[in-house]
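Accompanying notes for the structure given below.
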Amino acid sequence: QGEAGLALRAPSNLYELLGVDDNADSDEIKKAYYDKMKICHPDIAGDDGEEICILLNDAYDLLSDPEEKEAYDIQLHRANGTQKPVLLLDPSPQDLSPTWDWTSKTGNKRSKPVYDG
C-alpha cells in the first residue's frame with residue numbers, strides 16, 4: 056500500500072507502464088516515455104528509480120519499433136482474449152514474380168511465373 060493508504064498495483068502491460076492507450080501513436084509513446092523518465096531517472100530519483108528506468112527503456116524500445124509494437128499488440132490481444140485485426144498483406148498491388156533471374160528450361164514459357172493467390 057502507498058503512503059495515503061491506496062493500493063498500488065503493477066501495470067499489466069507496457070502501455071499501462073507508460074500511461075498511454077494501446078492505440079497510442081509513436082509521438083504519444085515518446086512523450087509519455089520522456090515524461091516518466093524525468094521523474095524516474097536515477098540522477099533524479101536515486102537508486103530507487105533505477106529499476107523503473109530499465110523497464111521504461113525496455114518498453115520504449117519495443118513500442119517505438121513499428122514491427123515489434125505490432126507483434127506485441129497481437130500477443131497482448133491474444134492474452135486478453137480479444138482479436139486485433141491483422142493485415143497480412145499490403146493491399147496495394149505488388150510484383151509477386153520471382154526475385155531471381157528467370158529463364159524457362161523448356162523454352163515454352165515466355166514470361167516469369169507469377170503467384171496470383
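Residue numbering for the sequence shown follows the numbering used here, starting at 56 and increasing by one per position.
Glycine included, every Cβ here is placed at the ideal spot set by N, Cα and C.
Burial is judged here by how many other beta carbons sit within 10 angstroms of a residue's own beta carbon; Tyr-115 has at least 16 and is buried. Across the structure, Tyr-127 and Lys-93 are spaced so that their CA atoms are roughly 25 Å apart. For Asn-112, the enclosing alpha helix (DSSP H) starts and ends at 105-118.
Contact holds between the segment 100-118 and the segment 80-91, because three or more Cβ pairs, one in each stretch, are under 8 Å apart. Judged by beta-carbon spacing, Lys-91 lies within the 9 Å limit of Gly-74, meaning their Cβ atoms are closer than that value.
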